[in-house]
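According to the numbering used here, the sequence shown is numbered sequentially starting from 815.
In what follows, a single structure is set out as structure tokens and then discussed.
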Amino acid sequence: MNGSKEMIADLIRDAKSRFDHCDIVPVLVLAGRTGSGKSSLMNALAGRLVSEVGVIPTTQTPVEHELAEGGLPLRVVDLPGVGEAGRHVQRLEDMLGSLGRAHLMLMAVPCPSRDFAYERELVGAVQAHYGAALPLPCVVACTKIDTAPPIKDWRPEALNLASPVSEKERNIADWLNYVERAMGPHIRQPFGGKTPFLPCCAGESWDDAENRYGIGELRGKIYGLLPDAARTCFARLDRALCDERAADIVFDHARLAALAGLNPLPGVPDALFIIPIQVGMLIRLNKLYDKQFSMDIAARFLGPLLARSTGRMLASQLCKFVPVAGSLAGAAVAGALTYSLGMAFHTLMHGGTWRFDADTLMKQTEKVWNGLETGRFLEILGRKTGISFPSWKK
815 MNGSKEMIAD LIRDAKSRFD HCDIVPVLVL AGRTGSGKSS LMNALAGRLV SEVGVIPTTQ
875 TPVEHELAEG GLPLRVVDLP GVGEAGRHVQ RLEDMLGSLG RAHLMLMAVP CPSRDFAYER
935 ELVGAVQAHY GAALPLPCVV ACTKIDTAPP IKDWRPEALN LASPVSEKER NIADWLNYVE
995 RAMGPHIRQP FGGKTPFLPC CAGESWDDAE NRYGIGELRG KIYGLLPDAA RTCFARLDRA
1055 LCDERAADIV FDHARLAALA GLNPLPGVPD ALFIIPIQVG MLIRLNKLYD KQFSMDIAAR
1115 FLGPLLARST GRMLASQLCK FVPVAGSLAG AAVAGALTYS LGMAFHTLMH GGTWRFDADT
1175 LMKQTEKVWN GLETGRFLEI LGRKTGISFP SWKK
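Structure (structure tokens):
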């Protein structure tokens, strides 16, 4: 293969057509009564000021917040506060109109409230409208746990709700148990299972990290319940989620490359099948970091990538002359190369200072390749493909 501009352009077009639309912007519906801490919760989740915080209910119709500034594409539909007398029917209509385009419902329940009649009625009406269960996953955020008595005793870094000892911890734990008993049986998830109830405190302002509690865990739970296509954009909210999402993307494309490497025909270059998969992986990793994968950037290092991978691709090609085992070994090489490239790209992007130069990427790829734990990699690859791959190393 050669690194001509025409071939690179063809590879990028092929990859874009296959992978450019794999990721979508997540849409959350945020529900809760007035004073439940929805605005503070939304600001804490986003890590910025998205919605003004106040006790005066100003939201009369659903407000959609587009969190696109600063690379956080996320849509949050903030529903009017439920529970006000005479407005329940309208609130229900608003809820039903918003659920059809959302991926997850986040319901805020404030501590120390013990009256959940309106929340239960609202959820029940939605479930009745859709037949039996909710049409999308629901997470209950148990907000304002810092207000549990004694109010002045708030040390989130020392809070132990798993084994409560202090008066504050016991009061929070008792309230959480009550919330779950009072609401849990009334919420039916779309695919069964228990509804997650997560304790949290958003702090006094969006940047009050010192007094915050449970926001990272809440992000993680939301991430896990989102459809796969909506996870890339959401992962930008949290560094740990970004690492997790990058690993998922890289292993997904390593799996695809290994399956493409099973092409059993000697003389038909693996790279014709595998390079578009690798380019697609880089496109998706760029999206994770809110970067554009332009033709100029691709041309900067795709040519050297093709040139430097020729030796290993040739080795995997020669493996195919050995029936069955040869094809499997070649496929394992294809998967490992793709994994090494993806993790190298992720590491450099995560550093925040890389300028897309080919030499640095190739050196980092070699570093990952040389440090690869072959047995562990093949074990994971086998689980993801259902195929037992032999090692290519002697």
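Heads up, the beta-carbon is just placed ideally off N, CA and C, and yes, glycines get one too.
This structure is a prediction, so every number in the text was calculated from the model and none was measured.
> Exposed or buried, I1036, counting other C-beta atoms within 10 Å across all chains shown (16 or more means buried)?
Replying inline: buried
> Is D1052 buried or exposed, if buried means 16 or more other CB atoms sit within 10 Å of its CB?
Replying inline: buried
> For the alpha helix (DSSP H) that D1173 lies in, which residues bound it at each end?
Replying inline: 1172-1184
>> Suppose the cutoff is 7 Å on Cβ atoms and the five residues either side in sequence are ignored; what does the same chain contact list for L1179 look like?
In response: Per the sequence shown, residue 1179 should be read as Thr rather than Leu. Once the five neighbours on either side are set aside, the close Cβ partners of T1179 are S1154, L1155, A1158.
> Do the stretch 930-942 and the stretch 979-987 touch if we need at least three Cβ pairs shorter than 8 Å?
Replying inline: no
> If you draw a straight line from the C-alpha of A1044 to the C-alpha of L1073, how long is it?
Replying inline: 25 Å
>> Suppose you measure from the CA of K1101 to the CA of V1064; what does that come to, to the nearest Å?
In response: 13 Å
> Who are P1013's beta bridge partners in DSSP?
Replying inline: C956
> Looking at the structure shown, is G897 part of a helix, part of a strand, or coil, going by DSSP?
Replying inline: Note that G897 has pLDDT 49, beneath the 50 cutoff, so the model's placement of it is unreliable and no number is given.
> Considering only C-alpha positions, which residue in the set A946, H1067, L888, H943 is nearest to L918?
Replying inline: L888
> Ordered along the chain, which non-local residues of its own chain (more than five positions away) have a Cβ less than 7 Å from that of T1161?
Replying inline: Q1178
> From R1190 to L1099, what distance separates their C-alpha atoms?
Replying inline: 23 Å
> Do C1047 and C956 have their C-beta atoms closer together than 8 Å?
Replying inline: no
>> Below 8 Å on the Cβ atoms is my contact criterion, and I expect A946 with R1002 to pass it. Report the Cβ-Cβ distance as a whole number of Å.
In response: 6 Å
> In its own chain, which residues sit with a C-beta less than 8 Å from the C-beta of K1181, not counting the 5 before and 5 after it?
Replying inline: A1158
> What residues match up with A922 in a beta bridge as DSSP calls it?
Replying inline: G846, A955
> Hey, how far is the Cα of A1150 from the Cα of A1068?
Replying inline: 7 Å
>> I want to see whether chain E comes within less than 8 Å of D1104, judged by CB atoms only; does it?
In response: Reference to chain E is not applicable here, since this structure consists of a single protein chain.
> Roughly how many whole angstroms lie between the Cα atoms of A976 and V923?
Replying inline: 20 Å
> Do I1201 and T1152 have their C-beta atoms within less than 8 Å of each other?
Replying inline: no
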